[in-house]
Amino acid sequence: MSAKTGRNPPAQCTEAGPRLHPQPAGEPAESATPYVPQCTLAAQETEAAGNMAGDLILLAAVSLLSACQQSCFAWLVGKSRKQHKIMPPEVTGTPEFDRIFRAQQNCVEFYPIFLVALWIAGCFFNQVLAALLGLVYMYNRHKYFHGYAESAKGRITGFYWSVVVLLSLMALAAAGITNSFLEEYLDISIGKKLHKLL
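Mapping to UniProt numbering: the sequence shown position 134 is 134, numbers consecutive.
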């Protein structure tokens with residue numbers, strides 16, 4: 001017990017040396033499996049979880065930034081409501097409000113597709129490339145929203161390029177899933193074959 005806190009200190013992993021799990025009668029001792037302390041297993045699981053989180057940090061960062069962007073768009077809709085005195089549940093009013101509201105709704109409609117494509121492309125194809133495309137998508141969504149807020153024609157460029165980037169992410173996701181499926185179930189590695197050809 002600790003003199004300062006009055007509580008017992010956390011249990012330490014003090015088990016050392018090779019130990020064997022008990023074996024059923026009649027089985028040779030050589031077949032016994034090595035004993036691994038529970039605290040060692042817990043430490044290994046914690047380390048593996050930390051490594052997994054680190055491996056996904058770029059995708060997580062882009063996802064968080066995109067969520068902040070969506071929140072900003074929603075805030076701008078609320079600001080426009082107050083400015084033009086259009087209270088919920090009304091969704092139409094002045095042309096300026098209608099454009100801002102429609103821009104935000106379009107971004108919301110595409111957002112689930114973007115997140116799914118981003119994560120699958122990052123996990124199955126290449127995280128860095130997927131994250132970069134995600135940032136490009138967000139930039140074009142920014143152009144789309146603010147361009148639409150100015151005029152209906154102002155939305156076109158941002159919308160066009162955001163769709164191009166989204167289709168690129170979906171293509172990478174499909175390629176990554178296909179390659180993983182072939183490796184897992186048919187033992188065919190497209191990546192290795194392409195590497196040999198190049």
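From the three backbone atoms N, C-alpha and C, an ideal C-beta is built for every residue, glycine too. Computed from a predicted model, the values in this text were never measured in an experiment.
What span of residues does the alpha helix (DSSP H) with M87 cover, start to end? Position 87 of the sequence shown, counted from the start, is the residue given in the question as residue 87. M87 -> no alpha helix (DSSP H), and no H or E assigned at all.
Reducing DSSP to helix, strand and coil, say where N179 ends up. Numbered from 1 along the sequence shown, position 179 holds the residue referred to as residue 179. N179 falls in the helix class under three-state DSSP.
Per-residue DSSP class, three states only, for T94: The sequence position of residue 94 within the sequence shown is 94, counting from 1. Secondary structure at T94: coil, using DSSP grouped into helix, strand and coil.
Cα-Cα separation, residue 200 to V163: Lying before the first or after the last residue shown, residue 200 is absent from the chain, which here runs from 1 to 198.
Where I113 sits in the DSSP three-state scheme: Taking the first residue of the sequence shown as 1, we reach residue 113 at position 113. I113 falls in the helix class under three-state DSSP.
Under the three-state DSSP convention, the category A152 falls into: The residue labelled residue 152 in the question sits at position 152 within the sequence shown. Of the three classes helix, strand and coil, the one that applies to A152 here is coil, per DSSP.
Three or more C-beta pairs under 8 Å: does that hold for the region 59-76 against the region 135-153? yes
Rounded to whole angstroms, what's the CA-CA distance from Y111 to H142? Just pull it up for me. Stepping through the sequence shown from its first residue, residue 111 is reached at position 111. Stepping through the sequence shown from its first residue, residue 142 is reached at position 142. Approximately 13 Å between the Cα atoms of the pair.
Work out the CA separation of N106 and residue 240 for me, nearest whole Å. Within the shown structure, residues of the chain are numbered from 1 to 198, placing residue 240 beyond reach of any answer.
Neighbourhood of N179 by C-beta distance below 6 Å, restricted to the same chain and skipping five residues each side: The residue given as residue 179 occupies position 179 in the sequence shown. Hits under 6 Å: I190.
Could you tell me which of G134, F101, A61, F114 sits nearest to G147, measuring between CA atoms? For the purposes of this step, residue 147 is taken as residue 147 along the sequence shown, with counting starting at 1. When each option's Cα is compared against that of G147, the closest is F101.
To the nearest angstrom, how far is it from the Cα of M87 to the Cα of A74? Your numbering for residue 87 matches position 87 in the sequence shown. Your numbering for residue 74 matches position 74 in the sequence shown. Each residue's Cα considered, the two are about 14 Å apart.
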